[in-house]
Amino acid sequence: MRNPMMKSLSYVLLGLLLASSAFAAIDGPFILANKKTTLNRLKSGVERVSVSIDIYNQGSSTGYDVTLVDDYWPQDLFELVSGNTSQSWERLDAGGLLSHSFELEGKVKGAFQGSPARITFRVPSKAALQEAFSTPILPLDVLAEIPPEKKFDWAKRLLAKYGSLVSVISIVGLFVCLVASPSKSSAAKGSKKKR
């Protein structure tokens, strides 16, 4: 069964794609942005959040002075490790793509619901800056407890994968040991002959 959050996100993306095809006929830029996050556990107590944002221009003309701002990461919960939470570009041509990424380190254990990133751009025919927002991210469970692997799970997986091979090798090894080792009766006969 699919996750209800994923289903909702799928509907949002489908709606954006349908809207983008409807607005593609509009004379001007039409900006769509997709924000993705990935949690990376480095060691116990240290987890990093990789954030990537892709900005698409689905319109028919260029957007100018494009600025991305994603500074909705509270400083008491996250520390910026690499990159910047904001970026500017001179232009985004029709049908073009801009990408930006940065990495944060989680300071506090718990669930976090992030906000969409904000994109502003200028259209030559309009005086005011235009604004767009990225897709939202799924809730992040930063520094969540990872259940320990059960002690014999790895042995069960190996046995399931290589069980028949291990059985054959074990039987052959046992046979070789039996053939190569002297029996008690032949050892006893050998000791009687020496007397």
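Just so you know, the sequence shown maps onto residues -24 to -1, 1 to 171 in mature numbering (1 follows the signal peptide of the UniProt record, and there is no 0).
No residue lacks a Cβ here, since even glycine has one placed at the ideal position from N, Cα and C.
Keep in mind that this is a model prediction, so the values were computed, not measured.
Trp49 and Ile145 have their alpha carbons spaced roughly 57 angstroms apart.
Nearest neighbour of Ser64 by Cα position, chosen from Thr96, Pro100, Pro92, turns out to be Thr96. In the three-state reduction of the DSSP assignment, Ile31 falls in the strand class, which pools E and B.
Note that the C-beta distance between Gln106 and Val99 is below 9 angstroms. Per DSSP, Gln51 lies in no beta strand (DSSP E) segment and is marked neither H nor E. Taking 3 residues as the shortest admissible run, the stretch 99 to 161 contains the following complete beta strand (DSSP E) segments, listed from N- to C-terminal end: 106 to 109, 116 to 118. At the C-beta level, Ser37 and Ala9 stay beyond 9 angstroms of one another.
Contact between Ser110 and Pro92 holds, with the beta-carbon distance rounding to 5 angstroms and staying under 8 angstroms.
The beta carbons of Val118 and Glu23 sit about 6 angstroms from each other, so the pair counts as a contact at 8 angstroms. The Cβ-Cβ distance between Glu79 and Val57 falls below 9 angstroms.
Counting other Cβ atoms within 10 Å of its Cβ, Val142 stays below 16 and is therefore classed as exposed. Only residues of its own chain outside the window of five on either side were considered, and among them Thr38, Tyr40 have a CB closer than 6 angstroms to the CB of Arg67, listed in chain order. Excluding residues up to 5 positions away in sequence, Val118 lie with their Cβ nearer than 7 angstroms to the Cβ of Gly86 in the same chain. Our two residues, Ile31 and Lys12, have alpha carbons roughly 12 angstroms apart in a direct line. Phe54 is not a Cβ neighbour of Gly35, given a cutoff of 9 angstroms. Looking at the DSSP output, Thr13 sits in a beta bridge with Val27.
Beta-bridge pairing by DSSP links Lys19 to Val22. In this structure Leu116 touches Val25 by the C-beta definition: roughly 7 angstroms separates them, less than 8 angstroms. By the CB criterion at 9 angstroms, Ser101 and Gly21 fall outside the cutoff.
Separation of Lys19 and Glu81 (C-alpha to C-alpha, rounded to the nearest whole angstrom) is 12 angstroms. By the C-beta density criterion, Ala104 is exposed, having fewer than 16 other C-beta atoms within 10 angstroms.
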